[in-house]
Each structure stands twice: as C-alpha cells, then as structure tokens.
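Single-structure report; data block below.
Here is the structure:
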C-alpha cells in the first residue's frame, strides 16, 4: 500500500475512542432536529414580532437565542422565577408541549396594554380577571404564530390546555427528553425578558419519517407552485435575425471602412431562445424604436 502525505495510519492504541456511527443515535437526531427548529424559529420571530407590535402598539422583537435538550425534571427545576407556564396539545401528532414566559415581562406587557408604562412593581399586585384573560391572549397569540411557523413542514394545530398536567414526581415523565427553544423578547428597548417553548423529543419523531420520504412534485401543488415560480424567474436571452446578405468572398475581402452593404428587413422573423423557436414576429416601429410585434406562438415540435 502506498501512503500519500495526507494519509494517516491509526494505531490500535488510538482506536479506543472510535465507535460506530449510529444514524438512530439520539445525538444525531438532535442535531438534525435543531436545524429544522432554527428555521421554524426564524419564521416565528417575524410572525410574533408583527402580532405583538400590533397588539402592544410598541416595537416588539423576538429572537431565538438557544436550543437545549433536557430531561423534564431538569427543565422544570432550572426554569427562571418568577415565571408563568402553560401546556398545550398539538394535533394530529398527539404532542404535549409547554410555553413559559418571564413573569415580570408579562406584567410589563399587561400594564403597557392598558395604557400604563410598566414601571410599577408586580411583586404585591394580583392580576384581575380581565388582566388574566389578557395573559391568556398573549399565550394564545404566541402559540398561534408558533403553529403557523410549522405549516411549511407539517400539519400542526395546537391548543392551550385548561389545566397543567406535567408531573415532576412521575419517573416516566422525568426521563423524557424535551427540546427547549429559548427566545428573548425586547419591547421598545424598555424591557427585555425571556420566553421558552418546550417540545417532547419523542413526539417529534415524525420529522425523521418525513425527511426520509422524497417530495412528490406530481402530488404536491405547493411544491409545484414554488418550482414554477423559480422557473419563471430564470433569465432567458431572446434573439432574432433581422437581415442576411450573401456576398462573394472576393467582395468581402475588398470591403473597407465607409462601404455600404444594402440589406432589406423582412416582414416577419422568428424569435428564438437559444436554438428553440418561440414566436413569429413582425418588424415594426414604436416610439422611434425598432420593435418585434409578436404575431403568433410557435410549437417547437412542429418547427
């Protein structure tokens, strides 16, 4: 065997850390999932920014800052305080997730919505029924925009649950992995807080199945429309021959600057894209410019 300069012989003592590459391993699946959620997060940022700007009448910026894969117990224990979290269900995937928000940021948003400046302390203030309904509206808006962000990938319909059911003391739930998407929310540069969406890792296995199936252009109208849109944006160079004249080789050799070659414009010419004939056109004049007036469309197979 001949070794090149870039070749390397791995001694048996160096192979102790080498292991088989398992495509089904959770760490590989997590990497693929994070890439998908990054794209979802970018769409969510835009949608949520627009919705809350309209609702609070203040510039509101959402930003996906981090993704973590944690067990349920770890996630709930490290959740920052004060906070408010709600659970939701996703159909048709039978997926159970959570939304958590910075409690101080929520109070600021409620106070801002009702005409306040958000400066008052929320420590000793209990939210009224009207304010609680507004908090519910905030959560529903976030959930709606997060759901819309998934529609380019899958059918995703979500709804807040009336009651939180996550059980910290359940061994079965504690061992579940959750994919936690962490966002920052900035309101008009006056207040910055956090928001998190957590999805059960096992519930997202349908994404791996979808990735293994190639898209079927024939049965996917949305994909057909996207492909057609891209094709229609491709630049095409059209050309047509307006004049031709045969000369003897000797005449061509005798030509010099200032000589005139008489030509006649044809009444009708063929317009081509490359070597493919597309139209029959009439040579005309419009606004002191020479133009081609399309007479009829050609079928290349009949030319």
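Numbering (our numbering), first residue to last: 70 to 372. Ideal Cβ placement from N, Cα and C applies to all residues, glycine included. None of these values were measured; they are calculated from a predicted model.
Cβ-Cβ separation, residue 212 to residue 229 (assumed contact under 8 Å), whole Å
Working through the chain shown from its first residue, we reach residue 229 at position 160. Working through the chain shown from its first residue, we reach residue 212 at position 143. Indeed, because the Cβ distance is near 6 Å, the residues count as touching under 8 Å.
For residue 250, is the classification buried or exposed, using 16 other Cβ atoms within 10 angstroms of its Cβ as the cut-off for buried?
Here residue 250 refers to the residue found at position 181 when the chain shown is read from its first residue. Buried, by the Cβ-count rule.
Residue range of the alpha helix (DSSP H) that includes residue 225:
Taking the first residue of the chain shown as position 1, residue 225 is located at position 156. Run containing residue 225: none; DSSP gives neither H nor E here.
With DSSP collapsed to three states, give me the class of residue 367.
Taking the chain shown and counting its residues from 1, the one referred to as residue 367 is at position 298. Correct three-state label for residue 367: coil.
Option nearest residue 316 by Cα separation, candidates 181, 326, 332:
One-based indexing of the chain shown puts residue 316 at position 247. Ranking 181, 326, 332 by Cα distance to residue 316 puts 332 first.
Continuous alpha helix (DSSP H) stretch holding residue 155: start and end:
Stepping through the chain shown from its first residue, residue 155 is reached at position 86. Here residue 155 belongs to no alpha helix (DSSP H); instead the beta strand (DSSP E) covers 152-160.
Measure the beta-carbon distance from residue 367 to residue 349 and round it to whole angstroms, keeping in mind my assumption that it falls under 8 Å.
On the chain shown, residue 367 is found 298 positions in, with the first residue counted as 1. On the chain shown, residue 349 is found 280 positions in, with the first residue counted as 1. Yes, residue 367 and residue 349 are in contact; Cβ-Cβ is about 6 Å, under 8 Å.
Give me the Cα-Cα distance between residue 90 and residue 136, rounded to the nearest whole angstrom.
As a working note, residue 90 is residue 21 in the chain shown. As a working note, residue 136 is residue 67 in the chain shown. For residue 90, the pLDDT reaches just 42, beneath the cut-off of 50, and the residue's location in the model is therefore unreliable, leaving the point undetermined.
Straight-line CA distance for residue 345 to residue 297?
Residue mapping note: residue 345 aligns to position 276 of the chain shown, counting from 1. Residue mapping note: residue 297 aligns to position 228 of the chain shown, counting from 1. Using only the alpha carbons, I get a separation of about 20 Å.
How should residue 360 be labelled, buried or exposed, when 16 other C-beta atoms within 10 angstroms of its C-beta is the threshold for buried?
Position 291 of the chain shown holds residue 360. Label assigned to residue 360: exposed.
Residue from 124, 143, 118 with nearest C-alpha to residue 180
Taking the chain shown and counting its residues from 1, one reaches residue 180 at position 111. With distances taken between CA atoms, residue 180 lies nearest to 124 out of 124, 143, 118.
Which same chain residues, not among the five before or five after residue 205, have their C-beta less than 8 Å away from its C-beta?
Taking the chain shown and counting its residues from 1, one reaches residue 205 at position 136. These residues qualify, in order along the chain: 229.
List the residues that DSSP assigns as beta-bridge partners of residue 358.
Reading the chain shown from its first residue, position 289 is the one you call residue 358. DSSP, once it has assigned bridges, lists 355 as partnering residue 358.
Pull up the DSSP beta-bridge partners for residue 247, would you.
Looking up residue 247 in the chain shown gives position 178. Looking at the DSSP assignment, residue 247 forms a beta bridge with 139, 269.
Which residues share a DSSP beta bridge with residue 341?
Here residue 341 corresponds to residue number 272 of the chain shown, with the count starting at 1. In the DSSP output, where bridge partners are listed per residue, residue 341 has 308, 346.
Assign residue 317 to one of three DSSP states: helix, strand, or coil.
Your numbering for residue 317 matches position 248 in the chain shown. In the three-state reduction of the DSSP assignment, residue 317 falls in the coil class.
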